[in-house]
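Residue numbers (our numbering): 8 to 672.
The beta-carbon is built from N, C-alpha and C at its ideal position, and this holds for glycine as well.
A short write-up of the structure that comes next.
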Ligand code: ZN
Ligand code: ZN
């Protein structure tokens, strides 16, 4: 090890050994050694043009200085070099581009031409220069360089052409990008990948997917791992049919590299196809494919979303076995997974055992405690984070405000909200305002919440109004509730999440015309309500239940079990709530009965299939209703099971009839 504090190592005497020492200098801490070796080399060879070791020595010196982030020294070596060949320029330009010093790279590139034939840019230089044009969004220079390339007929070179494609795409000229691609004589899979990733990285997702489809349709060569990696960034908010198409291509690949699996997993995970992601990972294990850090960090969030606790635990074992820690990305994902599965203790264990934590790690654990209704602990962690010298960011403040809201800590929440601008210098965004409206609404301060909205410096969005409307429903405040509803309806008539709330409040107020209007607008837009679904993990599989679902093979047993349970809790004061009937009038079946909600089916299913004492984990895609919440609490009492019910807003951790949410959600 070479460090700046220790005395310089005894320098090797031979030229070869010195060059090896130069090549081993890869970090700023190695600079003293590098400079010493450089000085010795000068003495040894005088770096004379005729000496056979001179040229390789200069290349190595430039590379080493660049790797040690001493770019001006690298430049000085080039400038003092007796023989300034193209290759030396390429080495330094490459170093500057990798360090994102694109302007410097382009200046050096521009200085090449006047120096005579020895240092004319070549097919290595042009791609680098075009890359810098793309990165600095310099279309004009890019166009000039491309026309020089065309004159020199260098655009037949694949790498030159690929960088031209990418430059045009990045500089907002997709048609020019496609023209270069189209005019290429020999297009192979690498070329197609370049075109796809050119569009994808430029944010032209539809065009990227279009080229991907075109490539598959032409069948001149097969998509490979690079194709999967290229199309991945274009699949952020993808259409279901496109995802299915990519999956078919993936399935047909003869040789699947890990990178393809990771890309497919990420496409599922990024599009909230959680079940598909988990299934693909299980298939991967069955096929004997060894996952890496990227695989695991990709599949952990879907595990959390589905409360797939056993799989998450197994992934934790893999991480231990492969000694992948410390790894901040992976550890944060692991912690989130546990928190999301309702295992606060495991999440905290991961957090405590981390050797380094960033603001994301702290925010995760704060938000975990918040969602479990443990507001005091969340606040304590928020203060400890600052004690560790980590400044909260905007997201950390959302976490702590939400924690205050979930725990009903009105004064503390107000305090932090005030601190945002005065102490942390963070401008509150819609999320922060939503938390505050939630907090006030929960405390029953409906008019204060309304006044708060009226004095907001930004336009209240649908979440803010939705939060107020929710509070009005719980505290039965019709006047303000109707104001909230009218604003909500005006803002987002297509927002299905609030549709039920809206028609209910209009129905309660007897405003039948508005009820018809809400439904009419929605029907005319052809919008379908998000079907309520609950997911549970059993064995290797995730089982999904829908409202009134009778499709499960164990359906009969499930309904029997549920009848038995509901019968027993009826004696304990359970009455299918009127409130719940209003919860969603659309969900009434033909006989006028309330269809069985998916969360009840999921709970009954797990009670049948797991041994006594096993916690019941259910994940829903909507907020749970009052009826199911009460039923779950009573069922937890009569069966002595912990029930962890995760809905879109929070985690209901129910033990012996008591829920962590304190019956407010
Ligand atoms: Zn329900
Ligand atoms: Zn609850």
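In the DSSP assignment, no residue is bridged to residue 646. In the three-state reduction of the DSSP assignment, residue 386 falls in the helix class, which pools H, G and I.
Around the C-beta of residue 141, 16 or more other C-beta atoms lie within 10 Å, and the residue is accordingly described as buried. Using a C-beta cut-off of 8 Å, the region 324-332 makes contact with the region 295-308, since at least three inter-stretch Cβ pairs fall below that distance. DSSP, reduced to helix, strand and coil, places residue 108 outside both helices and strands of the structure shown, so it counts as coil. About 7 Å separates the Cβ atoms of residue 250 and residue 280, confirming a contact at the 8 Å cut-off.
Taking 7 Å as the cut-off, one finds at least one heavy atom of ligand 1 near enough to the beta carbon of residue 606.
In the three-state reduction of the DSSP assignment, residue 652 falls in the strand class. It is roughly 15 Å from the alpha-carbon of residue 325 to the alpha-carbon of residue 345. Taking C-beta atoms under 8 Å as the contact rule, residue 554 and residue 539 qualify, at a distance of about 5 Å.
Looking at the DSSP output, residue 542 bridges to 551 and 626. Less than 8 Å divides the Cβ of residue 71 from the Cβ of residue 32. In this structure, residue 523 has its CB at a distance of at least 7 Å from all heavy atoms of ligand 1. Around the beta-carbon of residue 240, 16 or more other beta-carbon atoms lie within 10 Å, marking it buried. Ranked by Cα distance from residue 671, the options 474, 373, 151 and 64 are led by 474.
Here the alpha carbons of residue 647 and residue 578 stand approximately 17 Å from one another. Residue 660 is bridged by DSSP to 651. The beta-carbon separation of residue 389 and residue 373, rounded to 5 Å, stays under the 8 Å limit for a contact. In the DSSP assignment, residue 266 falls within the alpha helix (DSSP H) that extends over 265-277. Shortest gap from the CB of residue 37 to any heavy atom of ligand 2: 7 Å or more. Assigned with DSSP and collapsed to three states, residue 665 falls in strand. Taking the Cα of residue 653 as reference, the smallest distance to any Cα among 636, 173, 497 and 23 is reached at 636.
In the three-state reduction of the DSSP assignment, residue 468 falls in the coil class, being assigned neither a helical nor a strand state. Counting C-beta atoms within 10 angstroms of its own C-beta, residue 462 has fewer than 16 neighbours from the protein chains shown and is therefore classed as exposed. In this structure, residue 634 has its beta carbon less than 7 Å from a heavy atom of ligand 1. By the neighbour-count definition (other C-beta atoms within 10 Å, threshold 16), residue 283 is a buried residue. Contact annotation, residue 413 with residue 436: C-beta distance approximately 19 Å; criterion of less than 8 Å not satisfied. In the three-state reduction of the DSSP assignment, residue 293 falls in the helix class, which pools H, G and I. About 4 Å separates the CB atoms of residue 472 and residue 495; that is less than 8 Å, so the two are in contact.
According to the DSSP assignment, residue 200 belongs to the alpha helix (DSSP H) that extends over 196-208.
In the DSSP annotation of this structure, the continuous segment of the alpha helix (DSSP H) that includes residue 423 starts and ends at 417-429. Going by C-alpha positions, residue 80 is about 29 Å away from residue 167. Going by beta carbons, residue 28 and residue 44 fall inside the 8 Å limit. Going by beta carbons, residue 405 and residue 442 fall inside the 8 Å limit. Of the candidates 136, 218, 362 and 261, the residue whose Cα lies closest to the Cα of residue 194 is 218.
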